[in-house]
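These notes are about the structure you will find just below.
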(Lines of atoms letter the chains of each structure in order from A and count residues from 1; the text may use other names and numbers.)
(Lines give C-alpha, C1' and ligand atoms only; values in the text may rest on other atoms or scores of the structure.)
Protein backbone atom coordinates (compact mmCIF):
# COMPACT_ATOMS: atom_id res chain seq x y z
CA UNK A 1 0.00 0.00 0.00
CA UNK A 2 2.82 2.40 0.81
CA UNK A 3 4.30 2.11 -2.68
CA UNK A 4 0.93 2.76 -4.32
CA UNK A 5 0.26 5.67 -1.99
CA UNK A 6 3.52 7.30 -3.06
CA UNK A 7 3.20 6.30 -6.74
CA UNK A 8 -0.49 6.18 -7.59
CA UNK A 9 0.30 5.99 -11.31
CA UNK A 10 1.82 2.49 -11.00
CA UNK A 11 0.02 -0.54 -12.38
CA UNK A 12 0.79 -3.82 -10.61
CA UNK A 13 -0.32 -7.26 -11.74
CA UNK A 14 0.04 -10.37 -9.59
CA UNK A 15 0.19 -13.98 -10.76
CA UNK A 16 -0.42 -17.09 -8.72
CA UNK A 17 0.17 -20.61 -9.90
CA UNK A 18 2.39 -23.67 -9.89
CA UNK A 19 6.07 -22.94 -9.30
CA UNK A 20 7.15 -24.33 -12.68
CA UNK A 21 4.75 -21.99 -14.48
CA UNK A 22 5.93 -18.97 -12.49
CA UNK A 23 9.61 -19.79 -13.06
CA UNK A 24 8.97 -20.13 -16.80
CA UNK A 25 7.16 -16.78 -16.82
CA UNK A 26 10.03 -15.18 -14.86
CA UNK A 27 12.66 -16.60 -17.21
CA UNK A 28 10.95 -15.32 -20.36
CA UNK A 29 10.22 -11.90 -18.87
CA UNK A 30 6.45 -12.22 -18.51
CA UNK A 31 6.88 -11.47 -14.81
CA UNK A 32 9.62 -9.42 -13.16
CA UNK A 33 9.88 -10.90 -9.68
CA UNK A 34 8.60 -13.86 -7.68
CA UNK A 35 7.79 -13.45 -3.98
CA UNK A 36 7.51 -16.52 -1.77
CA UNK A 37 9.34 -19.53 -0.43
CA UNK A 38 12.91 -19.79 -1.71
CA UNK A 39 14.17 -23.00 -3.26
CA UNK A 40 17.93 -22.76 -2.68
CA UNK A 41 20.71 -21.06 -4.63
CA UNK A 42 21.63 -24.05 -6.77
CA UNK A 43 18.10 -25.15 -7.51
CA UNK A 44 17.62 -23.17 -10.70
CA UNK A 45 20.49 -21.59 -12.64
CA UNK A 46 19.93 -18.16 -14.11
CA UNK A 47 17.90 -16.92 -11.17
CA UNK A 48 18.89 -14.84 -8.15
CA UNK A 49 17.26 -15.35 -4.76
CA UNK A 50 17.25 -12.86 -1.88
CA UNK A 51 16.08 -14.00 1.53
CA UNK A 52 13.85 -11.45 3.23
CA UNK A 53 12.59 -13.35 6.29
CA UNK A 54 12.80 -16.77 7.87
CA UNK A 55 9.42 -18.20 8.65
CA UNK A 56 8.40 -21.66 9.73
CA UNK A 57 5.36 -23.84 9.35
CA UNK A 58 2.55 -23.38 11.81
CA UNK A 59 -0.53 -25.48 12.49
CA UNK A 60 -3.50 -23.23 11.79
CA UNK A 61 -7.21 -23.49 12.66
CA UNK A 62 -10.19 -21.19 13.09
CA UNK A 63 -10.03 -19.11 16.26
CA UNK A 64 -12.90 -21.03 17.93
CA UNK A 65 -11.63 -24.49 16.94
CA UNK A 66 -11.95 -27.12 19.72
CA UNK A 67 -8.16 -27.65 19.70
CA UNK A 68 -7.55 -24.03 20.73
CA UNK A 69 -8.81 -24.96 24.21
CA UNK A 70 -5.97 -27.44 24.74
CA UNK A 71 -2.76 -26.30 26.44
CA UNK A 72 -0.77 -28.96 24.62
CA UNK A 73 -1.76 -30.30 21.23
CA UNK A 74 -0.47 -33.73 20.24
CA UNK A 75 -0.20 -35.06 16.69
CA UNK A 76 -2.95 -37.61 17.43
CA UNK A 77 -5.27 -34.70 18.31
CA UNK A 78 -4.62 -33.09 14.93
CA UNK A 79 -5.37 -36.30 13.06
CA UNK A 80 -8.93 -36.33 14.41
CA UNK A 81 -9.80 -33.52 11.98
CA UNK A 82 -9.78 -33.10 8.19
CA UNK A 83 -6.94 -31.05 6.71
CA UNK A 84 -6.31 -28.32 4.13
CA UNK A 85 -2.78 -28.60 2.74
CA UNK A 86 -0.78 -26.93 -0.03
CA UNK A 87 -0.77 -28.75 -3.36
CA UNK A 88 1.67 -31.62 -3.90
CA UNK A 89 5.01 -30.41 -5.23
CA UNK A 90 4.92 -27.01 -3.54
CA UNK A 91 7.77 -26.07 -1.23
CA UNK A 92 5.46 -25.83 1.77
CA UNK A 93 3.89 -29.24 1.12
CA UNK A 94 7.30 -30.88 0.69
CA UNK A 95 8.46 -29.33 3.96
CA UNK A 96 5.31 -30.47 5.77
CA UNK A 97 5.72 -34.04 4.50
CA UNK A 98 9.38 -34.02 5.54
CA UNK A 99 8.44 -32.91 9.07
CA UNK A 100 5.81 -35.68 9.31
CA UNK A 101 8.27 -38.27 7.99
CA UNK A 102 11.12 -37.18 10.29
CA UNK A 103 8.83 -37.38 13.31
CA UNK A 104 7.58 -40.81 12.23
CA UNK A 105 4.02 -39.55 12.45
CA UNK A 106 0.98 -40.72 10.54
CA UNK A 107 0.02 -38.55 7.55
CA UNK A 108 -3.31 -36.71 7.71
CA UNK A 109 -6.24 -38.02 5.71
CA UNK A 110 -9.35 -36.30 4.35
CA UNK A 111 -7.26 -33.61 2.68
CA UNK A 112 -8.28 -30.67 0.52
CA UNK A 113 -5.30 -29.43 -1.50
CA UNK A 114 -5.17 -25.76 -2.41
CA UNK A 115 -2.77 -22.88 -2.78
CA UNK A 116 -5.63 -20.37 -2.76
CA UNK A 117 -5.57 -18.29 0.41
CA UNK A 118 -9.19 -17.30 -0.19
CA UNK A 119 -10.28 -20.96 -0.25
CA UNK A 120 -8.00 -21.81 2.68
CA UNK A 121 -9.48 -19.02 4.78
CA UNK A 122 -13.05 -20.04 3.91
CA UNK A 123 -12.48 -23.72 4.65
CA UNK A 124 -10.80 -23.02 7.98
CA UNK A 125 -13.18 -20.33 9.22
CA UNK A 126 -16.30 -22.35 8.35
CA UNK A 127 -15.18 -25.77 9.64
CA UNK A 128 -12.94 -27.61 12.08
CA UNK A 129 -10.31 -28.31 9.43
CA UNK A 130 -6.61 -27.99 10.24
CA UNK A 131 -3.85 -26.61 8.02
CA UNK A 132 -0.08 -26.31 7.95
CA UNK A 133 1.15 -23.09 6.36
CA UNK A 134 3.79 -20.48 6.64
CA UNK A 135 2.66 -18.34 9.56
CA UNK A 136 3.14 -15.07 7.72
CA UNK A 137 0.46 -16.15 5.22
CA UNK A 138 -2.25 -15.86 7.86
CA UNK A 139 -0.81 -13.00 9.91
CA UNK A 140 -3.71 -10.61 9.21
CA UNK A 141 -6.35 -13.28 9.82
CA UNK A 142 -4.67 -14.15 13.11
CA UNK A 143 -4.47 -10.49 14.17
CA UNK A 144 -8.15 -9.98 13.29
CA UNK A 145 -9.22 -13.01 15.34
CA UNK A 146 -10.37 -15.23 12.46
CA UNK A 147 -7.59 -17.83 12.61
CA UNK A 148 -5.29 -19.12 15.33
CA UNK A 149 -1.95 -20.89 15.49
CA UNK A 150 -1.93 -24.01 17.65
CA UNK A 151 0.88 -24.64 20.17
CA UNK A 152 2.63 -27.27 18.07
CA UNK A 153 6.38 -26.74 17.90
CA UNK A 154 7.82 -27.32 14.42
CA UNK A 155 11.37 -25.93 14.71
CA UNK A 156 12.63 -28.19 11.92
CA UNK A 157 10.28 -26.49 9.45
CA UNK A 158 12.29 -23.32 8.76
CA UNK A 159 11.04 -21.73 5.57
CA UNK A 160 13.08 -18.93 3.95
CA UNK A 161 10.84 -16.38 2.23
CA UNK A 162 12.14 -13.89 -0.29
CA UNK A 163 12.29 -12.67 -3.85
CA UNK A 164 13.53 -14.34 -7.01
CA UNK A 165 14.62 -12.40 -10.08
CA UNK A 166 16.38 -13.20 -13.33
CA UNK A 167 20.15 -13.14 -13.05
CA UNK A 168 21.87 -10.51 -15.17
CA UNK A 169 18.65 -8.64 -15.90
CA UNK A 170 18.09 -4.93 -15.51
CA UNK A 171 14.91 -4.28 -13.56
CA UNK A 172 12.64 -1.36 -14.33
CA UNK A 173 12.72 1.46 -11.75
CA UNK A 174 9.16 0.59 -10.66
CA UNK A 175 10.20 -3.01 -9.99
CA UNK A 176 13.22 -1.79 -8.00
CA UNK A 177 10.90 0.41 -5.91
CA UNK A 178 8.59 -2.56 -5.36
CA UNK A 179 11.48 -4.75 -4.21
CA UNK A 180 12.72 -2.03 -1.87
CA UNK A 181 9.23 -1.74 -0.37
CA UNK A 182 9.17 -5.54 0.09
CA UNK A 183 12.44 -5.29 2.02
CA UNK A 184 10.95 -2.66 4.34
CA UNK A 185 7.80 -4.71 4.93
CA UNK A 186 9.88 -7.83 5.56
CA UNK A 187 11.80 -6.00 8.29
CA UNK A 188 8.52 -5.01 9.95
CA UNK A 189 6.99 -8.49 9.61
CA UNK A 190 10.08 -10.24 10.96
CA UNK A 191 9.60 -8.36 14.23
CA UNK A 192 6.12 -9.88 14.64
CA UNK A 193 7.03 -13.52 13.93
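Residue numbers (the working numbering): 547 to 739.
Even glycine gets a Cβ: it sits at the ideal position worked out from N, Cα and C.
Predicted model only: the values in this text are computed from it and were never measured.
Anticipated Cβ contact below 8 angstroms, residue 631 with residue 657, distance rounded:
5 angstroms
List the whole-angstrom C-beta distance separating residue 707 from residue 680, where the pair is believed to meet the contact cut-off of C-beta under 8 angstroms.
7 angstroms
Does the ligand NAD have even one heavy atom less than 8 angstroms from the beta-carbon of residue 561?
The ligand NAD is not among the ligands present in this structure, which contains no ligands whatsoever.
Where does residue 704 sit, in a helix, a strand or coil, going by DSSP?
strand
Contact defined as beta carbons within less than 8 angstroms: I believe residue 571 pairs with residue 561. What is the distance between those atoms, to the nearest angstrom?
7 angstroms
Give me, in chain order, the residues of the same chain whose beta-carbon lies closer than 7 angstroms to that of residue 651; leave out the 5 immediate sequence neighbours on both sides.
621
Rounded C-alpha distance that separates residue 593 from residue 725
15 angstroms
So, under 8 angstroms CB-CB, residue 683 and residue 663 are touching, yes? Tell me the CB distance rounded to an integer number of Å.
6 angstroms
Leaving out five residues on either side along the sequence, give the residues of the same chain with a beta carbon under 7 angstroms from the beta carbon of residue 598.
707, 708, 709, 728, 729 and 732
Based on the DSSP secondary-structure assignment, which residues constitute the bridge partners of residue 680?
603
For residue 643, name the three-state secondary structure that DSSP assigns.
helix
Boundaries of the beta strand (DSSP E) in which residue 659 is found, first to last residue
657-659
Rounded to a whole number of angstroms, what is the C-alpha to C-alpha distance between residue 579 and residue 659?
25 angstroms
With a 10 Å radius around its C-beta and 16 neighbouring C-beta atoms as the bar for buried, classify residue 638 as buried or exposed.
buried
CA nearest to the CA of residue 604, picked from 646, 566 and 668
646
Take residue 577 as the anchor and find which of 556, 711, 736 and 723 has the nearest alpha-carbon.
711
In or out: residue 722 buried (at least 16 other Cβ within 10 Å) or exposed?
exposed
So, is residue 566 buried or exposed, given that buried needs 16 or more other C-beta atoms within 10 angstroms?
exposed
Opposing strand residues paired with residue 580 [DSSP bridges]
710
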